[in-house]
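Worksheet for the structure shown next.
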Amino acid sequence: MKKKTFVLVIIALVTVSFSSMAQQVDRTSFKAGVHAGLPVGDASDYSSFSLGVDLGYHWGVSELIDAGIATGFINAFGDTSTIDVGPLGQDVDFPDIQFIPVAGAFRLYPTYDFKLGADVGYAVGVNEGNDGGFYVRPMIGYNISGNTELNVSYINVSNDGSFSVAALGLLFLF
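The opening position of the sequence shown corresponds to residue 10 in this note's numbering, with each subsequent residue numbered one higher.
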């Protein structure tokens, strides 16, 4: 009987010591950053470069999962193209394309420094003739420091057509 009690006490002490060593990670925070990207697919026909601002707020749901909201501003700079009309060429200036995304955000943390996630919602078209559309932005992020993240993402806005950007971003947590 003494051996069983001794073993149970040792197991209880080990369990308590491991649980006290485990860090409770609270990643609830405001996030702000910038991203730059190259339009891909159809968007590359009328735009050459994209810049944007990212804003969000995330709540730590568990040690491995965050959920939150995301918004920002995306501006794809219009390109100039030459269109052949018979023997003559005509220069055409495409306007900038601008969106304000309104989305829900989800992040999964396989390790402390590495994260996978996506923002999903609607991108409001800002410029004239831009109706906006369904917004999805899958991303992979890496924590450079405790409050700075480097991420790679693919931004896609789809309505009748598709607007896509491959982006590299820098995000700061407050």
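Glycine included, every Cβ here is placed at the ideal spot set by N, Cα and C. As the structure is a prediction and not an experimental result, all values here were calculated from the model.
Item: According to DSSP, simplified to helix, strand and coil, what is residue 53?; Value: helix
Item: Relative to the C-alpha of residue 108, which residue among 98, 130 and 99 is closest?; Value: 130
Item: Quick one: is residue 73 buried, meaning 16 or more other Cβ sit within 10 Å of its Cβ, or exposed?; Value: exposed
Item: Can the beta-carbon of residue 7 be found closer than 8 Å to that of residue 57?; Value: Missing from the structure shown is residue 7; the chain here goes from 10 to 183 and no further.
Item: Leaving out five residues before and five after residue 37 in sequence, what residues of the same chain have Cβ atoms less than 6 Å from its Cβ?; Value: 68 and 69
Item: Out of 110, 151 and 165, which has the shortest C-alpha to C-alpha gap to residue 180?; Value: 151
Item: When you compare only the Cα positions, how much space is there between residue 1 and residue 53?; Value: As shown, the chain starts at 10 and ends at 183. That puts residue 1 outside it, with no answer to give.
Item: What residues are listed by DSSP as bridge partners for residue 91?; Value: 100
Item: Excluding sequence positions up to five away, which residues of its chain have a Cβ less than 6 Å from the Cβ of residue 98?; Value: 91
Item: For residue 165, does the three-state DSSP call read helix, strand or coil?; Value: strand
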